[in-house]
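Trainee: After the structure tokens below, expect a handful of questions from me.
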């Protein structure tokens, strides 16, 4: 029942967001029609093209039609890049951004979790101080500055990695070349997340370590490692999990800068580019997909909560 | 006054700081030194109000023909000269290899009957050969066509196709194919304006096309040098997602927003000359200047267009980089003024604006001194260039005109339409600060990228930040100034002198008579000021390459054996002859 209510709420959010997106799209329709009609367009031409594009009828009926088509990934054709559908443009960009996000999260989690545990075990120790300072340093460093410096050092000066992602092979086709090209952008994006994850997890771990059941486990002689990994980490991960869930969708926006810096034809760059080009059909499609991704991820995070801490599930009953 | 000048200084300092930050720690060179406070603050005072600086004037001005090649230049002093010539001639071209080339603009497709975006044109330049080409003096000559012949009064032109030439899909480039392409161009709602005098295009037989005009058009083949002369396989006319042309390379893939890959055309009609040399070119769209520079420095790009003025200065001092400056056809930067709408329907306001703006300040501080002041649509290196009386920087004269207008009509306010390009907006804001100094208040109105042409054609503007013109032959600018140009007569000015001058240039073949006609046009443009000219961009529309890449910007021979004009329009360089050391 709890899940059904949440699904209903998510559908509502999706409808509200897509409705307003479609409304914004509609505001730009006169320009789009003019572009389609050409430079000598008469009112008759415009009316004809309006019919051809299925733009007749009420706003609500057109929205419902668009929504129905969107369910089959038919988001209409790009106005600027004739000959391509919105979905074709997205399909080209989506895998690169997904890979970038996953790699960035892996890098961030791989660095943040061990550092948070080490810091929480010995608060105030040298590793705690250094990791906190380093994390704040990374947090203060904008990704465009970090990206330029990483690219300059490891691309231009050392020549270890390419400075641009070009003709990216699939992970299955050539994993080595794929990862070689994606490493610098993923590190750029991932390092910014380390600070947030590290600080959240560290403080929750310290709090959990002060719980009675942890002291009991220590009194029973369980090893520190076992206590930390088996009994402390999971209940301390709620805020951390929330942050990871929120960041996955938020990374699309953050990915824009990294995608520009490394020449990646990803979703972030696509959406900004299409906003500038006033290619609203594509923008509406991207917003709809991001909304679905965002609400779905948050739904999954909610489910994960109850797995991480059964009290949440029981409390809901 | 002080406040406005401070704004200009601040703009220059911020610009310099951003560039310095972007290039920080790069290689120890200091291009940002151009923007030191001392130099910047001294500059406005040092600029002569009535005399544009002449030290940077091209050596090839006046009646001299443009040079035959765009050459790699050794230092900034040679930027507008012919250069030293290329070392390519001493090297034997080697076939094979592929390169990655940085694109500044993304392509929006390959529909040759529509408005083709600059990013697309860059790629098309390697996929296509035009019916006509340009020799080193900018005169048209048959290229893909075997011959282009007029009748006695230039009202009928006959194009004969070259035997044996095929499109990338194997279809013949014959009379019906050429006629189909030209008819589609003529019918285009966006491009067809320039074919206004054409009344019919007919394939007479398999190898001949007859074009009939409503009035004499002696320079008609000039229009076949560019878009109208691009031939695509008839089944793909009007198709946007592919380009099946006749050029040295074939389109293998195109990903909007990312780039394109082109591969050698084994059936190229000049294959018996060993052309083209390269196996493939990867075009990579990189909108950010710092990223292009970094990728080039890392060896991930072998060349790119439009490095930006600061980088050009930097590269010119670097022996490991070749810089190719276009010697013909570069754009002008200007503002269109809508002469049918207030306040620019009053010539006093237009002239006041021209007097108010210090072009040399912009050139010195935003172009690193690489460009030259403009007084019209043609570069001083054009054989059709002449001086005119375009108002020079004179704030006192501007103020007097403004005072006179304001006493009669009221305050002068206007909106400048502009695409969202930060570096262009920066220059526009500085120009506005000059105008504000004399009491003309402007504001910016950003429009969507790629919407300029449509917005201008709908006359939905007062002033418009604009890049255009500079074609090697002025006849190609006819529609944009002539009263018969309709919507394409950008500033809507109707001038008997301009019409008569352009008609004289169009109808006659005698160069002296044509020159007279275009001098008449330039004089009228200087007097009427329908456009606010800033600078000729041939100094900054440049290409940089690694030294191992040869043949870019070098004149290739035309089919008749004569050398072609290199780097025309700032985009068309000789991909056919490009080769890389293995």
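Protein chains in written order, with this note's numbering: chain D, 898 to 1214; chain G, 31 to 612. Beta carbons: idealized from backbone N, C-alpha and C, even for Gly.
1) Can you pull the chain G residues whose beta carbon is under 8 Å from the beta carbon of residue 1074/D, in chain order?
2) Show which residues of chain D have a CB atom less than 7 Å away from the CB atom of residue 286/G.
3) Below 8 Å between beta carbons is the criterion; list the residues of the segment 1053-1069 of chain D that meet it against any residue of chain G, in chain order.
4) List, in order along the chain, the chain G residues whose C-beta lies closer than 7 Å to that of residue 1167/D?
5) Counting only runs of 3+ residues fully inside the segment 465-514 of chain G, write out the beta strand (DSSP E) ranges in chain order.
6) Roughly how many whole angstroms lie between the Cα atoms of residue 379/G and residue 150/G?
7) Please state whether DSSP places residue 247/G in a helix, a strand or coil.
8) Which of the three DSSP states is assigned to residue 92/G in this structure?
9) Is the beta carbon of residue 595/G less than 7 Å from the beta carbon of residue 164/G?
10) Which stretch, first to last residue, makes up the beta strand (DSSP E) that contains residue 561/G?
11) Consult DSSP for residue 353/G and reduce its assignment to one of helix, strand or coil.
12) Can you grab the Cα-Cα spacing for the pair residue 1140/D / residue 322/G, in whole Å?
13) On the criterion of 16 or more Cβ atoms from any shown chain inside 10 Å, does residue 229/G qualify as buried, or is it exposed?
14) Please classify residue 1112/D: is it buried, with 16 or more other beta-carbons within 10 angstroms of its beta-carbon, or exposed?
15) List, in chain order, every chain D residue whose beta-carbon is nearer than 8 Å to that of residue 257/G.
16) Can you find a CB in chain G that lies within less than 7 Å of the CB of residue 868/D?
17) Is residue 198/G helix, strand or coil when you go by DSSP?
18) Between the segment 306-317 of chain G and chain D, which residues of the former have a C-beta closer than 9 Å to a C-beta of the latter?
19) Leaving out five residues on either side along the sequence, give the residues of the same chain with a beta carbon under 7 Å from the beta carbon of residue 139/G.
20) Who are the neighbours of residue 945/D on chain G, taking C-beta pairs under 8 Å?
21) Is DSSP giving residue 264/G helix, strand or coil here?
22) Since residue 314/G sits in a beta bridge, which residues does DSSP pair it with?
23) Counting only Cβ pairs nearer than 7 Å, list the residues of chain G close to residue 989/D.
24) Mapping DSSP to helix, strand and coil, what is residue 157/G?
25) So, residue 386/G versus residue 439/G, is the Cβ gap smaller than 7 Å?
26) Just grab the DSSP bridge partners of residue 580/G for me.
27) For a test of the three-state rule: what should DSSP assign to residue 443/G, helix, strand or coil?
28) Give the interface partners of residue 351/G over in chain D, defined as CB-CB distance under 8 Å, in chain order.
29) Over the uninterrupted alpha helix (DSSP H) stretch that includes residue 303/G, give me the two end residues.
30) Could you check whether the Cβ of residue 344/G sits closer than 6 Å to any heavy atom belonging to the ligand GTP?
31) For residue 420/G, count neighbouring Cβ atoms within 10 angstroms of its own Cβ and tell me buried if that reaches 16, exposed if not.
32) Given residue 996/D, which residues of its chain have a CB within under 6 Å of its CB, disregarding the five upstream and five downstream residues?
33) Give the C-beta separation of residue 406/G and residue 444/G to the nearest angstrom, bearing in mind that I take them to be a contact with Cβ-Cβ under 8 Å.
34) If the cut is a Cβ gap below 7 Å, which residues of chain D does residue 138/G touch?
35) Would DSSP call residue 179/G helix, strand or coil?
36) Let's test the definition: count the other Cβ atoms within 10 Å of the Cβ of residue 233/G and tell me whether it reaches 16, buried, or not, exposed.
Mentor: In this structure, then:
1) Taking the first residue of the first chain as position 1, residue 1074/D is located at position 177. For residue 1074/D, there are no neighbours in chain G by C-beta distance under 8 Å, as the nearest C-beta there is about 14 Å away.
2) Residue mapping note: residue 286/G aligns to position 256 of the second chain, counting from 1. The answer, in chain order, is 978, 981 and 986.
3) Shown in chain order are the members of the segment 1053-1069 of chain D whose Cβ falls below 8 Å from a Cβ of chain G: 1053, 1056, 1059, 1060, 1061, 1063 and 1064.
4) Here residue 1167/D corresponds to residue number 270 of the first chain, with the count starting at 1. Those within 7 Å of residue 1167/D in chain G are 287.
5) Runs of the beta strand (DSSP E) inside the segment 465-514 of chain G: 470-476 and 493-498.
6) Here residue 379/G refers to the residue found at position 349 of the second chain. Here residue 150/G refers to the residue found at position 120 of the second chain. The alpha-carbon atoms of residue 379/G and residue 150/G are separated by roughly 38 Å.
7) Reading the second chain from its first residue, position 217 is the one you call residue 247/G. Looking at residue 247/G - three-state DSSP - the assignment turns out to be coil, as it is neither helix nor strand.
8) If you number the second chain from 1, residue 92/G lands on position 62. With a pLDDT of only 31 at residue 92/G, under 50, the local geometry of the prediction cannot be trusted, and the value read off the model is given with reservation. Three-state DSSP puts residue 92/G in coil, outside helix and strand.
9) In the second chain, counting from the first residue as 1, residue 595/G sits at position 565. In the second chain, counting from the first residue as 1, residue 164/G sits at position 134. Pairing residue 595/G with residue 164/G gives a Cβ-Cβ distance under 7 Å.
10) Against the second chain, residue 561/G aligns to sequence position 531. Residue 561/G -> beta strand (DSSP E) spans 561-566.
11) Position 323 of the second chain, counting from 1, holds the residue named residue 353/G. In this structure, DSSP gives residue 353/G an extended state, which the three-state scheme calls strand.
12) Here residue 1140/D refers to the residue found at position 243 when the first chain is read from its first residue. Here residue 322/G refers to the residue found at position 292 when the second chain is read from its first residue. Distance between the alpha carbons of residue 1140/D and residue 322/G is about 34 Å.
13) Locating residue 229/G in the second chain gives position 199, where the first residue counts as 1. The residue is exposed, with fewer than 16 neighbouring Cβ atoms inside 10 Å.
14) Translated into positions along the first chain, residue 1112/D becomes position 215. By the Cβ neighbour-count rule, residue 1112/D is exposed, with fewer than 16 other Cβ atoms within 10 Å of its own.
15) Taking the second chain and counting its residues from 1, one reaches residue 257/G at position 227. Those within 8 Å of residue 257/G in chain D number zero; the least Cβ separation is about 15 Å.
16) With chain D covering only 898 through 1214, there is no way to say anything about residue 868/D.
17) Here residue 198/G refers to the residue found at position 168 when the second chain is read from its first residue. The DSSP-derived three-state label of residue 198/G is coil.
18) Hits within the stretch, in order: 312, 314, 315, 316 and 317.
19) By one-based count along the second chain, residue 139/G stands at place 109. Here residue 139/G has 150, 270 and 271 as same chain residues with Cβ atoms under 7 Å from its own Cβ, once five neighbours each way along the sequence are excluded.
20) Translated into positions along the first chain, residue 945/D becomes position 48. Going along chain G, no residue has its Cβ under 8 Å from residue 945/D, so there is no contact; the nearest lies around 13 Å.
21) On the second chain, position 234 is the one that residue 264/G refers to. If DSSP states are grouped into helix, strand and coil, residue 264/G belongs with the helices.
22) In the second chain, residue 314/G corresponds to position 284, counting from 1. Answer is 132/G and 289/G, bridged to residue 314/G.
23) Here residue 989/D is taken as the residue at index 92 of the first chain, counted from 1. For residue 989/D, the chain G residues whose C-beta falls within less than 7 Å of its own C-beta are 285, listed in chain order.
24) The count along the second chain starts at 1 and reaches residue 157/G at position 127. In the structure shown, the three-state DSSP call for residue 157/G is helix.
25) For the purposes of this step, residue 386/G is taken as residue 356 along the second chain, with counting starting at 1. For the purposes of this step, residue 439/G is taken as residue 409 along the second chain, with counting starting at 1. Not in contact: residue 386/G and residue 439/G (Cβ atoms no closer than 7 Å).
26) Taking the second chain and counting its residues from 1, the one referred to as residue 580/G is at position 550. 609/G.
27) Reading the second chain from its first residue, position 413 is the one you call residue 443/G. When secondary structure is reduced to three states using DSSP, residue 443/G falls in the strand class.
28) What you label residue 351/G is simply residue 321 of the second chain in a count that begins at 1. Here the premise fails: no neighbours, minimum Cβ distance about 14 Å.
29) The sequence position of residue 303/G within the second chain is 273, counting from 1. Run containing residue 303/G: none; DSSP gives neither H nor E here.
30) Summarising the ligand content, the structure contains no ligands, and the ligand GTP is consequently not present.
31) For the purposes of this step, residue 420/G is identified with residue 390 of the second chain, where counting begins at 1. With 16 or more other Cβ atoms inside 10 Å of its own Cβ, residue 420/G counts as buried.
32) One-based indexing of the first chain puts residue 996/D at position 99. The answer is none, since no qualifying residue turns up.
33) Counting from one through the second chain, the residue named residue 406/G turns up at place 376. Counting from one through the second chain, the residue named residue 444/G turns up at place 414. Not a contact, Cβ separation roughly 22 Å.
34) Counted from its first residue, the second chain places residue 138/G at position 108. Ordered by position in chain D, the residues that pass the 7 Å Cβ test against residue 138/G are 977 and 978.
35) Sequence index remark: in the second chain, residue 179/G carries index 149 (1-based). Here residue 179/G sits in strand by DSSP.
36) As a position in the second chain, residue 233/G is number 203, starting the count at 1. When all chains shown are included, residue 233/G counts as buried.
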